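Some notes on the structure that comes next.
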Amino acid sequence: MYRQGECVIPIILASTSPYRAALLKRLNIPFQSMAPAIEETRLAHENVRQMVERLAEAKAKGIPALPPGSIVIGSDQMATLADKIVGKPGNHAAAAAQLQEASGKIMHFHTGLCVWDSDRNETWIDSVECLVKFRTLTTEEIDRYLLQERPYDCAGSFKSEGYGITLLESITGGDATALIGLPLIRLCAMLRQTGFKLP
C-alpha cells in the first residue's frame, strides 16, 4: 500500500513476472503482485500495438478480488521480427533458432501499458516501441550465450539487462525499461496523473 497524505492506496501490479516486479521496485513504491484472469489472444482485426494496449488494459482490469480503491498497473509485451510474432522459446533449441533468425536483423518490441484508478474508474493507456539490432552472430556465440544466461522465458531469447547486451549492435527507443517489460518513464507520467508525487 502507498500512503499519500491521509489516504492509503493499494498499488497492484497485474503480473507475476519477476522482471516487471524488479522494475517497479526501482520506483520505491510499495505494491502487491497479483495474477490477472484473462485470455491472451490476438483479435483478427488488430495490429500488434493495438493488441498490447488492449491486453495491458485487460490485465489491469482483470484482477479477481481486487482490494477496494486500488490503482492497478497492467503491461503486455510482444516482439516481432520481419512482421512475425516472436514468442518465448521455452528451451535451448528454440532459443538458438530464434537468435539465428535474428542475427544481423532488427527485432521490434512493443510494450503496452495501462494504469487504472479503480476508485475513480479512470484509465490511462499507451505503448512504447523499442528496436533492437542484433550483431551478426555465430553459432558458437549463440550457444555460449544461451548456456550462460538461459533466457528461455524471454521473448527474443535474450536479456538486455544482463549478458544478452553482448549480442546487440544497438537499441533504439524512448525508454530502455520498456524492453524488459515495464516502461518506467511512461509509467511515472501516468502515476503522476493519478495524483502520485514522483519523486
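Converting from the sequence shown to our numbering requires adding 497 to each position, the first position being numbered 1.
Don't be surprised by glycine CBs; every beta carbon is placed ideally from N, CA and C.
Remember, predicted model here, so these are calculated numbers, not experimental data.
If I'm right that residue i touches residue j with Cβ under 8 Å, what's the distance once you round it to whole angstroms?
i	j	result
Gly670	Val625	7 Å
Gln668	Leu676	The amino acid occupying residue 668 in the given sequence is Ile; Gln does not appear at that position. Sure, about 7 Å apart at Cβ, within 8 Å.
Phe528	Leu510	5 Å
Ile535	Ala555	5 Å
Ser572	Pro507	Actually they do not touch by this definition, with Cβ atoms about 18 Å apart.
Gln595	Gly653	7 Å
Ala592	Leu644	Going by Cβ atoms, the distance from Ala592 to Leu644 rounds to 10 Å, so no, they are not a contact pair.
Gln574	Thr608	5 Å
How about residue i and residue j: do their beta carbons lie closer than 8 Å?
i	j	result
Leu665	Lys630	yes
Leu634	Ser657	no
Tyr649	Pro586	yes
Glu550	Ile622	yes
Gly661	Glu637	no
Gly659	Leu520	no
Arg576	His542	The question names Arg, but residue 576 in the sequence shown is Ala. Contact: no.
Lys602	Leu578	yes
Val569	Ser530	no
For the alpha helix (DSSP H) containing residue i, name the first residue and the last one.
i	result
Glu554	Val545 to Ala557
Ile682	Leu681 to Thr691
Leu521	Pro515 to Lys522
Classify residue i: buried if its beta carbon has 16 or more other beta carbons within 10 angstroms, exposed otherwise.
i	result
Asp580	exposed
Leu540	exposed
Leu695	exposed
Val583	buried
Pro533	buried
Thr674	buried
Val505	exposed
Ala557	buried
Between which two residues does the beta strand (DSSP E) carrying residue i extend?
i	result
Glu536	That residue, Glu536, is in no beta strand (DSSP E); it is neither H nor E in DSSP.
Leu510	Ile508 to Leu510
Thr663	Taken as a continuous stretch (DSSP letters only), Thr663 belongs to no beta strand (DSSP E), as it is neither H nor E.
Would the beta-carbon of residue i be found less than 7 Å away from any heavy atom of the ligand FMN?
i	result
Val545	The ligand FMN is not part of this structure, which contains no ligands at all.
Go through the stretch 578-656 residue by residue and report every complete run of the beta strand (DSSP E) that reaches 3 residues or more, in order.
581-583, 603-614 and 619-631
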